[in-house]
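Heads up, the sequence shown is in my numbering, so the first residue is 6 and it goes up one at a time.
Backbone N, C-alpha and C define an ideal beta-carbon position, used for all residues, glycine too.
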Amino acid sequence: MLVAFCVCPLTAAEDGSVTDAVAAAVKVIRDSGLPNRTTSMFTEIEGEWDEVMDVVKRATEAVSKTGVRTELVLKADIRPGFPNTQLNDKITRLENKLK
């Protein structure tokens, strides 16, 4: 299972910064040991359903501690029978097509 998600607190900070909250979420994700990639807008994480959803929940809880309201956007690619290597394999297949 490959999941792309974004957890964002709504903040009253004058500068609108959410860096501390995002860092707390990314720490949870990286500490999970699951394959992951963080970009400017989303984090992708890969593994079995229960382990991925547990990490999403814990990352959301970490962000929730920093604000009064939290948004979660999640997109999942569920492909039974495919190995949990799609995080990189999908990009490799695309790059090979572009050669």
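Inset, instruction - Using 10 angstroms around the beta-carbon of M46, count the other beta-carbons present and answer buried if the total reaches 16, otherwise exposed. - result: Along the sequence shown, read from residue 1 onward, the residue named residue 46 stands at position 41. Exposed: under 16 other Cβ atoms inside 10 Å.
Legend entry - Between the CA atoms of L15 and E76 - distance to the nearest angstrom: On the sequence shown, residue 76 is found 71 positions in, with the first residue counted as 1. On the sequence shown, residue 15 is found 10 positions in, with the first residue counted as 1. E76 and L15: Cα-Cα distance of roughly 8 Å.
Legend entry - Nearest-angstrom Cβ-Cβ length linking V33 and A64, presumed shorter than 8 Å: In the sequence shown, counting from the first residue as 1, residue 33 sits at position 28. In the sequence shown, counting from the first residue as 1, residue 64 sits at position 59. Their Cβ separation, rounded to whole angstroms, is 5 Å, which keeps V33 and A64 in contact under 8 Å.
Legend entry - Three-pair Cβ contact test at 8 Å for the region 42–61 versus the region 81–98: yes
Inset, instruction - Per DSSP, which residues does A9 bridge with? Please list them. - result: Taking the sequence shown and counting its residues from 1, one reaches residue 9 at position 4. Answer is E49, K80.
Legend entry - Within 7 Å, strictly: CB atoms of D140 and L7: The question about residue 140 has no answer here: the residues shown for the chain are numbered 6 through 104.
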